[in-house]
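> Offset between the sequence shown (1-based) and our numbering: plus 2.
All C-beta atoms, glycine included, are put in the ideal place defined by N, C-alpha and C.
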Amino acid sequence: MVAEHLPQQPINGYHCNGNSTNGVTTNQLQVNSPFVQNDGTYVTSEYNYRRNQIDYTPNGTIQVTPKQHKYTFRTLLKPNKTGVLLVGFGGNNGSTLLGSILANKHHLTWRTKQGEQKANYYGSLTQATTVHIGWDGQKQVYVPFNKLLPMVDPNELVIDGWDINGANLFEAIQRAKVISFKCVIQQLILF
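This is the structure:
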């Protein structure tokens, strides 16, 4: 499986999951294994799960019998368009989710007393972390979590929902007070 190449920026010498940038980090991953096939549309992998079956004989002897289960996983390389339906869309969680996704999608920035801030997915397990995949003989090697298998890009989600509250989403985002007001204003201007 080969993941597309996207630049990864370390922060203060560390990747988002705390690993030092002294290791090698790449966004390209190809698995060379007789148990993995990539036909350009799907990646298919076989996995043998081993476990022990435990039985007891009438005289109290424990019998251990190794068992093996073969699993086949087939994953579409390009995830389908995915929608999210939020009940309570105008509440704090729904409006903050939408505002965060829009801020990331449009690369919004805003100034605070700490300086310029940029929208990001820090805190997201799938979008901001790397995974240690091994040692190349000289350095540790990491890949972004979302490049291990095809995953839906949160910026591509189709989001809809309803809420008993009659406020529009701009007002709901302001009321939630989670997203910076300057970022909220930028979103209003965009839309």
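When the Cα atoms are used, what is the spatial distance from P1 to Q129?
It is not possible to answer for residue 1, since the shown part of the chain is limited to 3 through 193.
> Once you ignore the five residues that flank S35 on each side, which residues in its own chain have a CB closer than 6 Å to its CB?
Correct list: empty, nothing qualifies.
> Less than 8 Å between the C-beta atoms of G92 and L171, yes or no?
yes
> Have a look at the DSSP bridge pairing and note the partners of D162.
L87
> Please state if the CB of N54 and the CB of V38 are separated by a distance shorter than 8 Å.
no
> Distance check for I56 and P156, CA to CA, integer angstroms please.
In a straight line, the C-alpha of P156 is about 45 Å away from that of I56.
> What do you reckon, are the CB atoms on L79 and Y123 nearer than 8 Å?
No, the Cβ-Cβ distance between L79 and Y123 is not below 8 Å.
> Check V180 in the structure and name its three-state DSSP category.
Coil, per DSSP.
> Alpha carbon to alpha carbon, what distance is there between D138 and V186?
45 Å
> For P146, which beta-bridge partners are listed by DSSP?
Note: P146 is bridge-paired with T132 in the DSSP secondary-structure output.
> Excluding the five sequence neighbours on either side, which residues of its own chain have a C-beta within less than 6 Å of the C-beta of N94, listed in chain order?
Correct list, in chain order: A178.
> Assuming G168 and L87 make a contact with CB atoms under 8 Å, what is their CB distance in whole Å?
At roughly 19 Å, the Cβ-Cβ gap does not stay under 8 Å, so G168 and L87 are not in contact.
> How far does the alpha helix (DSSP H) with N157 in it extend, from its first residue to its last?
First-last for N157: undefined, no H or E at that position.
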